[in-house]
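Going by full-length UniProt numbering, the residue at position 31 of the sequence shown is 31; the numbering climbs one at a time, nothing skipped.
Cβ atoms here follow ideal geometry from the backbone N, Cα and C, with glycine treated the same way.
What follows is a short report on a single structure.
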Amino acid sequence: MSHEIISRYFEAFNTGDTETMLALVSDDVEHFVNQGDMRKGRDQFAEFCAHMGVSYREQLRDMVIFVNDHGTRAAAEFTVHGEYLETDPGLPEARGQRYVLPAGTFFALKGDKISRITTYYNLQDWIRQVAA
């Protein structure tokens, strides 16, 4: 079941189906963004998703999902193929630059909901790619 939840989450991400992503997270989900602040709760996660949909267009490829024996923890390794659409405050100016980044996400699961999402990628690599 845990593998299925994580697979559905990433399928929803790749199709831009924020409603499904929100349905898969707990009301009190903790969302840790790479080199950013933690967001707590489904509402803050929804705000983040809305912002990402405006500033970036991304597809996650080469997905490998790992789940522990108890189904309470999961991780995924993938490659982000993206386009920078609208300037994010404090970051380089967006001009439709394309980028490719290795990345990973760690999850905690409670029952049939994702209760924690922690994503990592090399921000300096991304900045080099979009600044070039």
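Along the chain, where does the beta strand (DSSP E) containing residue i start, and where does it finish?
{"i": "Arg116", "result": "Lys113 to Tyr121"}
{"i": "Asp62", "result": "Tyr56 to Val67"}
{"i": "Ala76", "result": "Arg73 to Tyr84"}
{"i": "His31", "result": "Val25 to Phe32"}
{"i": "Arg39", "result": "Met38 to Lys40"}
Can you say whether residue i is buried or exposed, counting buried as having 16 or more other CB atoms within 10 angstroms of its CB?
{"i": "Ile6", "result": "buried"}
{"i": "Val54", "result": "exposed"}
Report the rounded CA-to-CA distance for residue i versus residue j, giving the unit in angstroms.
{"i": "Leu123", "j": "Gln44", "result": "22 Å"}
{"i": "Gln97", "j": "Glu83", "result": "6 Å"}
{"i": "Ala131", "j": "Glu93", "result": "8 Å"}
{"i": "Gly111", "j": "Glu4", "result": "13 Å"}
{"i": "Met21", "j": "Asn14", "result": "10 Å"}
{"i": "Glu30", "j": "Met38", "result": "7 Å"}
With a threshold of 7 Å on Cβ separation, who are the neighbours of residue i within its own chain once the five nearest residues in sequence on each side are excluded?
{"i": "Met63", "result": "Phe10, Ala76 and Phe78"}
{"i": "Phe106", "result": "Ala75 and Thr118"}
{"i": "Asp125", "result": "Leu101"}
Excluding the 5 residues preceding and the 5 following residue i in the sequence, name in chain order all residues of the same chain whose CB lies nearer than 6 Å to its CB.
{"i": "Phe66", "result": "Ala75"}
{"i": "Tyr120", "result": "Asn34 and Gly104"}
With DSSP run on the structure shown, which of helix, strand or coil describes residue i?
{"i": "Arg8", "result": "helix"}
{"i": "Thr105", "result": "strand"}
{"i": "residue 133", "result": "Residue 133 falls outside the range modelled here, since the chain spans only 1 to 132, and no answer is possible."}
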